[in-house]
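Input: a single structure, listed below in structure tokens.
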Amino acid sequence: MSLTSLLVPISLPLASLFAIPMLSSWSTSLNLVFFSLTWTTLALSYSPLQLELFGPLVLRTILFLLPSALFLLFDLLIPSLAVELKAQGEYGLPGRQKGGGRKVRRVVAWSVVNVLLVVGMQAGIEWLVTDVLRMRSLLHIKGSGWSLNHLPNPWTLFKHFSIGLVTRNILQYYIHAHLLHTSGPLTSMHLSWHHSISVPYSFVAAYDHPLIHILHRFLPLYLPAILFRFHILTYLLLLALTSLEDTFVYSGYSILPSTIMLRGMARRCDAHMMTAGEGNYGPLGVLDWVNGTTVGGDVVDDFKA
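1 is the number of the first residue of the sequence shown in UniProt numbering; add one for each residue after it.
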């Protein structure tokens, strides 16, 4: 059986699962009913391994790879218009940076490889735990005690989502600041890969040495999820949020959906890349503000602007 024949039947329901609340004009109650029915259908139709493989794959494709590709095509095909939207002007155009088109192709290729690597790694861990070791899944996937629809308890979802968001930001900050920007082989790999790009565009978020990508991008989100045994829907919501964050924060555009958080995060990301990592190590900027590692405007300035 081909990958396409496996992916299509599950990707459409998964896409509709997250699209219904965002795109429909129905009431909140109806949205919740259809969300519940869609997830129940998925949970009953597919194995935990399939859900843990294709759920992250579909989200990363729809919310990161495809938008990043569209942004890149826009930058490359209509540079005269794109330059007006770039925060760094002409310097922010991917094709005008050092290495030109060849470098862009390398960034795109390795970004896709890294996305597939961590999705495959997560599925491999799930297979090892459930099929080989015969243990329960690391994420809570089925059998929720809340009604019969396999959805997580709302309070638990909110609690775990908050824990995941906070721990991910803490881990990313300290890994980034103390392992990737000090000295040693990890720093050398990070600088020669990720920081070979001076001004970011969306694909750069996933462009790094595969080992560094796992350490810096995958583990800070995945480790808290398995430590607290998040419901897979909670994990997928976190993954959806961080995928959109990568797409917009690294886009290089000055016009973003949020005038406060995303714009400040994007500005600090630009400063981090343009200074080769002199500061701005955390996604939100809070720990940079606390530890005095902010370059340029800090998170407090975001709310004053």
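Ideal Cβ placement from N, Cα and C applies to all residues, glycine included. Source: prediction; values computed, not measured.
Beta bridge counterpart(s) of residue i as assigned by DSSP
| i | result |
| --- | --- |
| residue 393 | The question about residue 393 has no answer, for the chain in this structure spans 1 to 305. |
| HIS140 | HIS231 |
Contact under 7 Å by Cβ, residue i with residue j
| i | j | result |
| --- | --- | --- |
| PRO224 | THR167 | yes |
| TYR250 | VAL199 | no |
| ILE141 | PRO56 | no |
| LEU59 | SER243 | yes |
| VAL118 | PHE230 | no |
| ILE255 | LEU85 | yes |
| TYR281 | THR293 | yes |
| LEU63 | ALA271 | no |
| GLN172 | PRO283 | yes |
| PRO152 | LEU236 | no |
| TRP289 | ASP298 | yes |
| GLY252 | GLY99 | no |
| GLY120 | LEU238 | no |
| ILE212 | HIS190 | yes |
| THR247 | PRO79 | no |
Residue i: first and last residue of the uninterrupted alpha helix (DSSP H) it sits in
| i | result |
| --- | --- |
| GLU126 | 100-127 |
| MET265 | 261-274 |
| ASP288 | 286-291 |
| SER188 | 185-193 |
| GLU52 | 48-60 |
| SER97 | The question names Ser, but residue 97 in the sequence shown is Gln. Premise fails: GLN97 is in no alpha helix (DSSP H) and is neither H nor E. |
| HIS160 | 154-178 |
| LEU77 | 66-77 |
| ILE212 | 210-213 |
Residues of its chain near residue i, where Cβ-Cβ distance is below 8 Å and the 5 sequence neighbours each way are ignored
| i | result |
| --- | --- |
| GLY89 | VAL83 |
| residue 369 | In the structure displayed, the chain extends from 1 to 305; residue 369 sits before or after that span and is not available. |
| ALA87 | GLY252, TYR253, SER254, ALA266, ARG267 and ASP270 |
| HIS195 | MET273, ALA276 and GLY277 |
| GLY145 | Note that GLY145 has pLDDT 46, beneath the 50 cutoff, so the model's placement of it is unreliable and the number below is only indicative. Cβ neighbours of GLY145 beyond the five flanking positions: ASN153. |
Contacts around residue i, its chain only, beta-carbon distance under 7 Å, and the 5 residues preceding and following it disregarded
| i | result |
| --- | --- |
| LYS159 | none |
| GLY101 | GLY95 |
| THR187 | LEU180 and HIS181 |
| SER147 | With a pLDDT of only 47 at SER147, under the threshold of 50, the placement of this residue in the model should not be trusted, and no figure is reported. |
| LEU76 | PRO94 and GLY95 |
Same chain, Cβ closer than 6 Å to residue i, five either side skipped, listed in chain order
| i | result |
| --- | --- |
| ARG268 | ASN280 and GLY285 |
| PRO154 | none |
| PHE71 | SER202 and SER251 |
| residue 309 | This structure cannot speak to residue 309, because the chain is shown only from 1 to 305. |
| LEU157 | THR234 |
| TRP193 | ASP208 and HIS209 |
| residue 308 | Missing from the structure shown is residue 308; the chain here goes from 1 to 305 and no further. |
Proximity test, residue i beta-carbon vs the ligand NAD heavy atom, cut-off 6 Å
| i | result |
| --- | --- |
| THR182 | Absence of the ligand NAD is noted for the structure shown, with no ligands found whatsoever. |
Residue-chain proximity (residue i, chain C), Cβ-Cβ < 7 Å
| i | result |
| --- | --- |
| ARG217 | Of the protein chains in this structure there is only one, and it is not chain C. |
Using 8 Å as the cut-off, can you tell me whether the stretch 250-264 makes contact with the stretch 174-183, which would need three or more C-beta pairs spanning the two stretches below that distance? When C-beta atoms of the stretch 250-264 are compared with those of the stretch 174-183, fewer than three pairs fall below 8 Å, so the two segments do not count as touching.
Should the stretch 208-220 be called in touch with the stretch 105-119, which here means at least 3 C-beta pairs below 8 Å? The stretch 208-220 makes contact with the stretch 105-119: 3 or more CB pairs, one atom from each, lie closer than 8 Å.
Contact the stretch 276-286 vs the stretch 98-111: 3+ CB pairs below 8 Å: Taking a contact to require three or more Cβ pairs closer than 8 Å, the stretch 276-286 and the stretch 98-111 do not qualify as touching.
Segment contact, 8 Å Cβ cut-off, at least three pairs: the stretch 179-189 with the stretch 119-138: No: fewer than three Cβ pairs fall under 8 Å.
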